[in-house]
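In this text, residue positions in the sequence shown follow my numbering: the first is 4, and each later residue adds one. Where a beta carbon is used, it is the ideal one built from N, C-alpha and C, also for glycine. First up is the structure itself, then whatever we jot down about it.
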Amino acid sequence: MHELSLCGAIAETALEHAAGRPIERIRLRIGHFRQVVPETLQFCWEVRVDGTALEGCALDVDYVAAQVSCNGCRSTTTLEHPLLLCGSCGGADVTMTSGDEFLIESIEVGSARAKQVR
Ligand SMILES: [Zn+2]
């Protein structure tokens, strides 16, 4: 269950950026290739922050579809499975264009002021 260690990393980064201020909401961007199960992530988050300074902090996640562009037929396709093959011609000579993201987009501290991490 790698979601629990992900939550640990998210919590640490968020606390660092908040520098002691209360955190209300964390926005994440997670690519399809990361194979994160949304329900598991939420569950692990609640377990991880229970009894900590982050208790009650909402986790908003944008899940990004996996896309590859094919160097053979030049088409860009969205992948259902984490297999690096062109969805058009089946070729393996592809470049991943999205789906590998794992970013904390913003952290809302105190009175809903969003702090940009990137
Ligand atoms: Zn192709």
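Cα-Cα separation between L31 and L62, rounded to whole angstroms = 7 Å
key: Cutoff 6 Å; reference D103; Cβ partners in own chain excluding five residues on either side   = G34, F36
message = Give me, in chain order, the residues of the same chain whose beta-carbon lies closer than 7 Å to that of A12; leave out the 5 immediate sequence neighbours on both sides.
response = The answer is none, since no qualifying residue turns up.
ask   = How should L86 be labelled, buried or exposed, when 16 other C-beta atoms within 10 angstroms of its C-beta is the threshold for buried?
value = exposed
task = Measure the beta-carbon distance from L57 to A22 and round it to whole angstroms, keeping in mind my assumption that it falls under 8 Å.
result = Not a contact, Cβ separation roughly 14 Å.
message = Less than 6 Å between C-beta atoms, sequence neighbours within five positions excluded: which residues of the same chain meet that for E108?
response = So the list reads R30, R32, once near-sequence residues are dropped.
request  = Could you tell me whether the Cβ atoms of V40 and E6 are closer together than 8 Å?
outcome  = yes
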